[in-house]
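The block underneath contains the structure these notes are about, expressed in structure tokens.
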Ligand code: PBG
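Residue numbers (this note's numbering): 252 to 578.
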């Protein structure tokens with residue numbers, strides 16, 4: 252044998268020399284859940300190790316994460332029922348605590364990248380990402396709300412807006428609204444290929460944002476999120492996002508969609524984010540809690556796989572633990 256691939260695996264040092272993919276702090280975005288009030292840190296039962304933070308506690312958490320090397324954060328708000336209505340008007344209300352929190356976060360940590368969530372579901376009584384009327388999710392009427400929400404978020408100081416709603420035409424609509432209001436420097440990270448996935452469960456628990464149980468309202472998001480069976484449709488969405496002015500593209504979820512990540516990476520020049528979603532993280536946490544897998548090995552392997560598939564940026568609930576591990 253003149254070919255012995257094992258020679259390049261014989262020591263840790265050589266393995267490190269030839270290692271093709273590395274995940275670093277610079278690749279990671281840490282999603283955090285915000286809740287109204289003070290001094291609150293509530294664990295999300297279906298996503299152990301993740302919490303709903305009140306603004307004051309979130310500031311401390313972000314400070315801790317910065318010390319570990321993280322510098323990009325995505326914040327999602329839990330909205331109390333009294334602020335919910337059919338059109339999600341609280342999303343751009345002057346008194347919106349999420350917008351106030353963003354201002355505080357950016358004031359205290361001006362150098363971080365703060366990413367928002369643009370969608371109606373946290374604010375909407377129906378639990379959908381758009382306005383629901385007669386059992387249908389209205390597209391163009393929803394754009395008007397998303398536009399207002401985007402301006403309010405830009406004004407609050409978010410660096411990047413993250414439209415996660417999957418309405419048609421929203422990237423172009425939001426881009427135009429931002430530019431018209433003098434926010435041409437605010438970026439858009441589009442949830443480009445977001446699938447109607449079963450793996451968002453813990454997230455919806457965290458925000459109490461699941462579609463409500465009502466026979467007159469669809470109890471899934473299949474009329475706007477994509478069919479998990481479809482790959483070419485991701486190309487249609489990515490073409491539109493690039494045309495409409497997205498600064499980042501995204502594939503979501505990540506692990507069951509590594510082929511889609513690869514496809515978008517090969518065909519587009521925009522930076523590509525992959526959202527390693529709540530249910531994907533919860534599965535691994537559960538298996539590790541039972542002693543069936545070793546978290547310290549399985550967790551970094553998981554993030555590495557997403558990077559290897561082609562993601563430039565990984566949004567993961569494991570970001571903090573990853574940085575906390577000695578490596
Ligand atoms: C809603 C939104 C969802 C997630 C991010 N934004 C849930 C959904 O579409 O129902 C899920 C993220 C996760 O599961 O971690 N706009």
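Backbone N, C-alpha and C fix where the C-beta goes; we use that ideal spot for every residue, glycine too.
Counterpart residues of residue i in DSSP-defined beta bridges
i, result
"residue 311", "The partner list for residue 311 (beta bridge, DSSP) is empty, contrary to what the question assumes."
"residue 336", "375"
"residue 524", "501 and 564"
"residue 366", "325 and 411"
"residue 304", "285 and 292"
"residue 389", "382"
"residue 445", "503"
"residue 280", "566"
"residue 440", "499"
"residue 252", "In DSSP, residue 252 forms no bridge with anything."
"residue 574", "Paired residue(s): none; residue 574 is not in a bridge."
"residue 477", "446"
Sequence-distant residues of its chain with Cβ nearer than 7 Å to residue i (five each side left out)
i, result
"residue 466", "none"
"residue 360", "313 and 317"
"residue 575", "319"
"residue 516", "523 and 561"
"residue 401", "369, 412, 425, 428 and 429"
"residue 338", "382 and 396"
"residue 453", "295, 297, 298, 529, 530 and 533"
"residue 331", "287"
"residue 394", "418, 420, 421 and 424"
"residue 464", "470"
"residue 482", "510, 511 and 514"
Short Cβ contact (9 Å threshold) for residue i with residue j
i, j, result
"residue 422", "residue 491", "yes"
"residue 350", "residue 403", "yes"
"residue 398", "residue 435", "no"
"residue 524", "residue 269", "no"
"residue 416", "residue 376", "no"
"residue 424", "residue 366", "no"
"residue 456", "residue 356", "no"
"residue 354", "residue 407", "yes"
"residue 442", "residue 526", "yes"
"residue 328", "residue 568", "no"
"residue 391", "residue 420", "yes"
"residue 285", "residue 305", "yes"
"residue 446", "residue 546", "no"
"residue 444", "residue 488", "yes"
"residue 303", "residue 290", "no"
"residue 498", "residue 438", "yes"
"residue 323", "residue 272", "no"
"residue 566", "residue 325", "yes"
"residue 535", "residue 544", "yes"
"residue 267", "residue 259", "no"
is_contact[residue i, chain D] using C-beta, thresh 9 Å
i, result
"residue 291", "The displayed structure is made up of one protein chain only, and chain D is not part of it."
Same chain only: Cβ atoms within 8 Å of residue i, ignoring 5 sequence neighbours per side
i, result
"residue 379", "371, 372, 388, 462, 468, 469 and 472"
"residue 493", "500, 519 and 521"
"residue 551", "274, 573, 576 and 578"
"residue 485", "443, 444, 477, 502, 511, 514 and 515"
"residue 549", "535, 538 and 539"
"residue 506", "527, 531, 553, 556 and 557"
"residue 276", "319, 320, 321, 322 and 574"
Environment of residue i [buried if 16+ CB atoms lie within 10 Å]
i, result
"residue 347", "buried"
"residue 440", "buried"
"residue 557", "buried"
"residue 278", "buried"
"residue 301", "buried"
"residue 264", "exposed"
"residue 540", "exposed"
"residue 531", "buried"
"residue 477", "buried"
"residue 261", "exposed"
"residue 414", "buried"
"residue 480", "exposed"
"residue 511", "buried"
"residue 358", "exposed"
"residue 571", "buried"
"residue 537", "exposed"
Cβ neighbours of residue i in the same chain (closer than 6 Å, five flanking residues each side left out)
i, result
"residue 513", "560 and 561"
"residue 315", "none"
"residue 578", "Because residue 578 sits at a pLDDT of 43, beneath the cut-off of 50, its placement in the model cannot be relied upon, and the following sentence gives the value as read from the coordinates. Taken in chain order, the list of residues that qualify is empty."
"residue 504", "448, 450, 528 and 531"
"residue 343", "399, 400 and 403"
"residue 334", "341"
"residue 563", "522 and 523"
Residue i CB to nearest heavy atom of the ligand PLP below 8 Å
i, result
"residue 308", "The model depicted lacks the ligand PLP and carries the ligand PBG instead."
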